[in-house]
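Below is one structure, written out as structure tokens; comments come after it.
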């Protein structure tokens, strides 16, 4: 039989029977026992690779109808670097749609692919000793088979299971830079699979580039394009029929898009409307970060752009800042919703004309936008209707807007936003309806939220009665409340006077009229910020001295105790790195603290802003780190009484005109006397992301609790990233876990803020990261004291090796719709009552 092509057909070797062959194709059954098929032979018509068979460089496998082919290839003009991938067979330019070993190339003619009981293994020899890539299946499979399907999907599993579309592993779960019809794009919490795209770094190099396109798990799932850790673009949330930020996606006759959300899974998928046609469509993620729907032009033999996600400047994330709406049809581009005014800084966004007063008659105004706000700070429930949704939002002071999750059939589902609104697109007369919280004085009968299910005849009778009853009860409670507040203020003023006389404090008591005149009657134009205590205003005294006034809000959870605590803590202590208390005002139901005015606001105003962070070079940041350390050392050791701050965070570090740091906000601080070093509490107070494990979990606090918070601050100052809410495409650790991983791998320099210039003192930066990790260790006894921290920062002492940091966990931030959980804004102070 020499010179004749011999075809061996054996049912024990293949899962399907070969039934046709072209005249110029040799169909070969792969032999068992690890033998290699000869070079340049092709497996076709749905042939499978079974256990112990080897596919070597130069050999390919073709899907049943010949649509796709897999094997070894060299990208671009290079012939040295080889990769194993899948590409279109019938298209002349062989467009690659999946690569296995994209991070590690293989020398020419050395690559082999083997199917084992554990999965598909790519190595540089005919054994599994030098593994380059593997599918990493979770368990062993008897009679394992790998097959390339006509969809372009490489699958692995038991031979019989594959016939039933039951796969142990599939390449569709691990996309590279292309999406094909039938591929899921999203995550599955039950299996841990996260399907996202990363483009080739260049057209000739499949190594992952700097971009990542992912379905975000925070709040209501939405698609976000990241460049490193910066959001570049996002599609608005799914509204039941399409994406609010990309309406053209649903207006076509070629494909249809689906978006699925369950308790454990969320994904997007597109399918061809007429699968019988020979239309070739794919979604490609290009090296420059473009996301395009491409259709094959048969006449021109090229891929033509059918749809592109980014079409105008308004598609760039957050172009118009907080609460701003970007309108590509408007010459000024940025506009505000009714009830909001543009901020002075171009692109900074919009501020409310009238501030909200929770519980004082807030309501909602209906708007329309083409792209709804960023949903990372949101909560949703698919079963609530719009009326129930509005009522739920109204009960939460942090809720600022709401809408339906599905606009079809009159609307259903509930989506709530918390805090400021980001990345909206206009015009405001077109798009999906959503409701934004407004103050009572801005609302009319038509704009105030009112239940649509109310029965008017009943209301006509009940409303007058309820109004009169509420008025009587209201006046009674106001009288009692005012009497108590006056008594409290009188006692507080007496206590403050006694405290001043007893301790010899030179702390002036200002009149209310003085402070009102200094702040232009607490004008919103003088507002500097707002916190748990209340609002802070800038003031100008008659002698020309500038002050900052912290006015206790009537709705604040903090009160007399915190007010007295701050007065006592800060008035007794003077240090260049502690904010200076000028005086206080206690009059009737008003309580105010008067501070020195610091023109540069707080550290978070700079460090987390892409533009302003450039003003903080490394020398300035290192000076801030040292200043905070010296301020804490003074509180812990050098002051007359030991003080534990308990709420150390970036927003409580103020900066003077020379950007020197000053620790502020002592409302939650605790004073220790004598040899006292540790205490416990049932009232855990502080801010997530900064609290030490032993304090947050067990209520135990000590000077080492502040050391932990200081360590978090150091890592945030070096990286320019927040510990809470930190995102990295390769893992789900917080900033502490990310820093720990880089430190163990000797790659701590990757922590450095990209906004810093290359003129940094590298050894100083790495030393700071090392010290930060020492401060955030899990066990309080392992953390250094602040005196040792100051010494380490100012010397070349050999540093001990840190242990694993506290709260070093893989977190899961997706909230199933069945859980009744409200997600607040980006930084949240908490008070938890724990039984003991």
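Numbering (the working numbering), first residue to last: 143 to 978.
Backbone N, C-alpha and C define an ideal beta-carbon position, used for all residues, glycine too.
As the structure is a computational prediction, the values presented were derived from the model and not from experiment.
Outcome for residue i when other beta-carbon atoms lying within 10 angstroms are tallied against a minimum of 16
| i | result |
| --- | --- |
| residue 912 | buried |
| residue 307 | exposed |
| residue 542 | buried |
| residue 858 | buried |
| residue 294 | buried |
| residue 686 | exposed |
| residue 231 | buried |
| residue 415 | exposed |
| residue 923 | exposed |
| residue 465 | buried |
| residue 895 | buried |
Closest by C-alpha distance to residue i, when choosing among the options
| i | options | result |
| --- | --- | --- |
| residue 521 | 838, 532 and 446 | 532 |
| residue 397 | 405, 664, 387 and 410 | 410 |
| residue 212 | 249, 221, 255 and 248 | 255 |
| residue 656 | 728, 939 and 609 | 728 |
| residue 404 | 450, 388 and 328 | 328 |
| residue 362 | 376, 887 and 354 | 376 |
| residue 301 | 258, 420 and 679 | 258 |
| residue 481 | 498, 406, 265 and 516 | 498 |
| residue 383 | 369, 371 and 401 | 401 |
| residue 832 | 904, 794 and 345 | 794 |
| residue 869 | 738, 756 and 367 | 367 |
| residue 581 | 496, 839 and 740 | 496 |
Terminal residues of the beta strand (DSSP E) in which residue i lies
| i | result |
| --- | --- |
| residue 556 | 556-560 |
| residue 449 | 444-450 |
| residue 758 | Note, residue 758: premise wrong, no beta strand (DSSP E); not H, not E. |
| residue 914 | Taken as a continuous stretch (DSSP letters only), residue 914 belongs to no beta strand (DSSP E), being part of the alpha helix (DSSP H) at 904-917. |
| residue 327 | 327-330 |
| residue 676 | 676-682 |
| residue 398 | 397-403 |
| residue 845 | Where residue 845 is concerned, there is no enclosing beta strand (DSSP E), although the alpha helix (DSSP H) it sits in stretches over 845-861. |
| residue 804 | 803-805 |
Span separating the alpha-carbon of residue i from that of residue j
| i | j | result |
| --- | --- | --- |
| residue 930 | residue 943 | 15 Å |
| residue 691 | residue 802 | 20 Å |
| residue 705 | residue 734 | 8 Å |
| residue 488 | residue 462 | 8 Å |
| residue 504 | residue 835 | 38 Å |
| residue 430 | residue 342 | 9 Å |
| residue 439 | residue 284 | 44 Å |
| residue 816 | residue 579 | Confidence at residue 816 is low in this model, with a pLDDT of 46, below 50, so the placement of that residue should be treated as unreliable; the coordinate-derived value is given next. Near 51 Å, if we compare the C-alpha coordinates of residue 579 and residue 816. |
| residue 281 | residue 299 | 10 Å |
| residue 550 | residue 849 | 53 Å |
| residue 446 | residue 437 | 5 Å |
| residue 646 | residue 500 | Note that residue 646 scores a pLDDT of 43, beneath 50, so its modelled location is shaky; the value from the coordinates is reported in the next line. Those two C-alpha atoms are separated by around 40 Å. |
| residue 251 | residue 227 | 15 Å |
| residue 315 | residue 349 | 18 Å |
| residue 471 | residue 513 | 14 Å |
| residue 829 | residue 412 | 42 Å |
Helix, strand or coil at residue i according to DSSP, with G and I counted as helix
| i | result |
| --- | --- |
| residue 211 | strand |
| residue 882 | helix |
| residue 930 | helix |
| residue 283 | coil |
| residue 512 | coil |
| residue 245 | coil |
| residue 426 | strand |
| residue 537 | helix |
| residue 656 | helix |
| residue 358 | strand |
| residue 873 | strand |
| residue 692 | strand |
| residue 787 | coil |
| residue 666 | helix |
| residue 321 | strand |
| residue 614 | helix |
| residue 264 | strand |
| residue 385 | strand |
| residue 374 | strand |
| residue 800 | coil |
Where the alpha helix (DSSP H) containing residue i begins and where it ends
| i | result |
| --- | --- |
| residue 837 | 835-840 |
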